[in-house]
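Trainee:
Number of protein chains: 2
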Amino acid sequence: MIVIKVGGGEGVDTELVCQDVAALAKQGEQVVLVHGGSYETNVVSEKLGHPPRFVTSISGHSSRYTDRETLEIFVMVTAGKINKLLVERLQQLGVNAVGLSGIDGRLLEGRRKPALRIREDGRTKILHDEYSGVIEQVNTGVLTALMGAGFVPVIAPQAISYESVALNVDGDRAAAAIAAALGAETLVILTNVPGLLRDVADETSLIREIPQAQANDYLERYAEGRMKRKVLGATEALRDGVGRVILADGRVEQPILAALAGQGTVIK
Amino acid sequence: MIVIKVGGGEGVDTELVCQDVAALAKQGEQVVLVHGGSYETNVVSEKLGHPPRFVTSISGHSSRYTDRETLEIFVMVTAGKINKLLVERLQQLGVNAVGLSGIDGRLLEGRRKPALRIREDGRTKILHDEYSGVIEQVNTGVLTALMGAGFVPVIAPQAISYESVALNVDGDRAAAAIAAALGAETLVILTNVPGLLRDVADETSLIREIPQAQANDYLERYAEGRMKRKVLGATEALRDGVGRVILADGRVEQPILAALAGQGTVIK
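As given, the protein sequences belong to chains A and B, one line each in that order. Be aware that the first sequence starts at 178, since it is given in my numbering, and climbs by one per residue. Be aware that the second sequence starts at 178, since it is given in my numbering, and climbs by one per residue.
1. Compare the C-alpha of residue 227/B against each of 234/B, 244/B, 212/B and name the closest.
2. With 16 as the cutoff for other CB atoms within 10 Å, does residue 308/B come out buried or exposed?
3. Measuring only between beta-carbons, confirm whether residue 184/B sits less than 7 Å from chain A.
4. Could you give the distance in angstroms between the alpha-carbon of residue 270/A and the alpha-carbon of residue 181/B?
5. Starting from residue 234/A, trace the beta strand (DSSP E) in both directions and tell me its first and last residue.
6. Residue 344/B: which of 241/B, 437/B, 371/B, 395/B sits nearest, CA to CA?
7. Look at the alpha carbon of residue 383/B and the alpha carbon of residue 356/B, and state the distance between them as a whole number of angstroms.
8. Nearest to residue 361/A by CA position, among 335/A, 207/A, 325/A, 239/A, is which residue?
9. Can you check whether the CB of residue 378/A is closer than 7 Å to the CB of residue 312/A?
10. Within its chain, find whatever has a CB closer than 7 Å to the CB of residue 461/A; leave out the 5 residues flanking it on each side and keep chain order.
11. I need the boundaries of the alpha helix (DSSP H) containing residue 303/B, first residue and last residue.
12. For residue 520/A, go through chain B and note every residue whose CB falls closer than 7 Å to its CB, in chain order.
13. Thinking C-beta only, is residue 310/B closer than 7 Å to residue 283/B?
14. If contact means a Cβ-Cβ distance below 9 Å, which residues of the region 273-293 of chain B contact chain A?
15. At the level of alpha carbons, what is the spacing between residue 331/B and residue 408/A?
16. Taking just the CA atoms, how far does residue 229/B sit from residue 297/B?
17. Return the residue from the list 390/B, 400/B, 304/B, 264/B that minimises the CA-CA distance to residue 341/A.
18. Check each candidate in 416/B, 385/B, 301/B and name the one with the smallest Cα separation from residue 373/B.
19. According to DSSP, is residue 254/A part of a helix, a strand, or is it coil?
20. Assuming residue 348/B and residue 213/B are in contact, meaning their beta carbons sit under 8 Å apart, how far apart are those beta carbons, in whole angstroms?
21. Taking its Cβ as the centre, do 16 or more other Cβ atoms sit within 10 Å of residue 197/B, making it buried, or is it exposed?
22. Quick check on residue 358/B: does DSSP put it in helix, strand or coil?
23. Would the beta-carbon of residue 211/A fall within 7 Å of that of residue 254/A?
24. Let me know the secondary structure DSSP gives residue 367/A once reduced to three states.
25. Anything in chain A within Cβ reach of residue 320/B, meaning under 7 Å, just list it in chain order.
26. Does the Cβ of residue 291/B have 16 or more other Cβ atoms within 10 Å, making it buried, or fewer, making it exposed?
27. In angstroms, rounded to a whole number, what distance separates the CA positions of residue 411/B and residue 299/B?
28. Anyone know if the C-beta pair for residue 235/A and residue 280/A falls short of 7 Å?
29. Is the Cβ-Cβ distance between residue 365/A and residue 423/A less than 7 Å?
30. Figure out for me which residue from 219/B, 437/B, 209/B has the closest Cα to the Cα of residue 319/B.
31. Compare the C-beta of residue 310/A with all C-beta atoms of chain B and state if any pair is closer than 7 Å.
32. So, at 8 Å on beta carbons, what are the nonlocal neighbours of residue 328/A in its own chain, with the 5 sequence-adjacent residues on each side left out?
33. Where DSSP assigns a beta bridge to residue 314/B, which residues make up the other side?
34. Under a three-way DSSP split, which group does residue 218/A fall into?
35. Suppose the cutoff is 8 Å on Cβ atoms and the five residues either side in sequence are ignored; what does the same chain contact list for residue 187/A look like?
In structure tokens, the structure reads:
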């Protein structure tokens with residue numbers, strides 16, 4: 178079994194991703210596709226007059242502020258538009274795909290983040306209506322029911338809290354949690370760079386292989402920005418039993434097949 | 178088994194609908210919930226600068242023009258926002274709901290409408306990019322897999338064409354097709370009127386019962402506007418084996434339980 182995470186960032190070619198998913202499915206491989214969508218959510222949020230807002234916590238950490246309206250736009254764009262158009266394209270390629278959000282069947286369950294304590298204009302404020310969280314449990318029932326009947330799941334990055342509140346979650350860590358819960362052999366995380374780079378400004382500085390034991394060192398030394406969460410997801414997946422994680426380029430021809438052939442950063 | 182259609186129009190109280198679904202599920206009843214969403218889709222379309230467009234065919238029939246952008250907004254709002262927020266609310270009420278669109282697993286399959294021939298400004302025009310259709314086949318595999326595992330399906334009104342193109346479809350007829358394919362005993366169609374009225378201006382003129390054989394006569398004589406498609410859906414469901422169809426008021430307390438107790442227009 179292969180779990181594939183395709184980012185929502187600019188540059189990643191979802192058409193090529195779908196073609197590879199179809200090729201793998203035709204070979205009899207069980208594939209699970211997890212996707213993001215923050216880029217397109219930002220575009221729609223702007224158009225709807227509710228632009229994304231980033232805040233700085235009292236400890237100096239910057240993060241997106243997901244109020245209820247933002248959460249609902251996230252759900253609309255990722256679990257609606259992106260998810261169903263991926264399902265449509267996969268169906269055109271002969272893959273009997275079914276789209277889900279992590280809310281469905283409580284697939285991804287976790288803890289809602291507490292109120293945010295932020296610094297703004299030199300003052301401390303508390304934001305209570307934060308709708309994001311951290312996955313702590315994967316309830317695989319809905320996936321095993323669908324996969325047992327021959328369907329290919331396509332999953333949008335939401336979770337549900339223990340109190341049944343829908344939450345925005347990180348797509349990379351969602352894919353890692355699903356891969357671990359399903360006991361997947363391989364997790365492929367596609368992004369718009371060739372993998373983990375020694376020098377973010379130089380795409381030829383790709384780190385080809387990382388032994389699992391050293392993943393945290395590499396995370397500290399080389400991962401910046403969004404890549405941090407990808408490497409963090411990778412270490413979580415390996416810790417929980419996934420065979421290998423490949424951070425690979427989603428912009429190239431046959432992005433998944435190339436990753437499986439070893440192109441990208443292989444962590445195992 | 179009971180299939181329930183809840184409209185997306187103003188006035189229908191989805192909170193009360195969810196409470197009744199939870200009550201039925203707790204009694205061990207197998208429930209399938211089908212929803213609409215054209216009202217909210219229109220609101221979002223306006224905000225996104227792509228307002229709904231209605232055209233008049235050369236035969237004088239008025240209909241919504243669903244170009245690709247409109248279809249994508251429909252998918253986003255109905256299969257994304259409305260569907261997942263219903264799932265969230267049902268989960269809060271203890272129902273293990275899973276949301277789907279008719280695209281998923283090819284659940285609702287059918288024929289794409291041909292190009293529209295319209296009259297506009299006194300001239301005939303042909304609109305080729307119409308993304309709506311008519312359901313001809315229900316592939317129940319995805320539903321039986323989920324229901325067999327104990328989940329309650331919540332379904333958004335899209336279908337997929339034989340060429341695997343996503344299509345907007347009428348929610349009432351989608352519910353009717355699903356009820357027939359699953360061999361449901363009862364189909365409840367909730368709307369923002371008490372049922373079929375002899376006089377649309379008088380809510381006390383409710384028609385309490387229609388024998389199946391006379392459904393077409395009642396359709397011709399009393400149904401106007403959107404009610405036409407509800408009665409049409411009802412006749413299709415009865416023809417295909419559903420025991421009874423109840424057109425009922427979605428604005429009252431316990432709307433589904435009241436309908437099952439005979440309030441509304443019962444067609445059987």
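The beta carbon of each residue, even a glycine, is placed where N, CA and C say it ideally should be. In this text, all values refer to a predicted model and were calculated from it rather than measured experimentally.
Mentor: Taking the geometry as given:
1. 244/B
2. buried
3. no
4. 33 Å
5. Element bounds for residue 234/A: 231-234.
6. 241/B
7. 24 Å
8. 207/A
9. no
10. With chain A running from 178 to 445 in the structure shown, residue 461/A is simply not present.
11. Here residue 303/B belongs to no alpha helix (DSSP H); instead the beta strand (DSSP E) covers 300-304.
12. Any answer about residue 520/A is impossible in this case: the structure gives chain A only from 178 up to 445.
13. no
14. 273, 274, 275, 276, 277, 278, 280, 281, 282, 283, 284
15. 36 Å
16. 16 Å
17. It is 264/B whose Cα lies nearest to the Cα of residue 341/A.
18. 385/B
19. Residue state for residue 254/A is assigned as helix, using DSSP reduced to three classes.
20. 4 Å
21. buried
22. helix
23. no
24. Of the three classes helix, strand and coil, the one that applies to residue 367/A here is strand, per DSSP.
25. Going along chain A, no residue has its Cβ under 7 Å from residue 320/B, so there is no contact; the nearest lies around 10 Å.
26. exposed
27. 37 Å
28. Cβ distance not < 7 Å, so residue 235/A and residue 280/A don't count as in contact.
29. Contact: yes.
30. Residue 319/B has its Cα closest to that of 209/B, out of 219/B, 437/B, 209/B.
31. no
32. Counting only Cβ-Cβ distances below 8 Å, and skipping sequence neighbours, we find 273, 274, 275.
33. 286/B
34. helix
35. 216, 369
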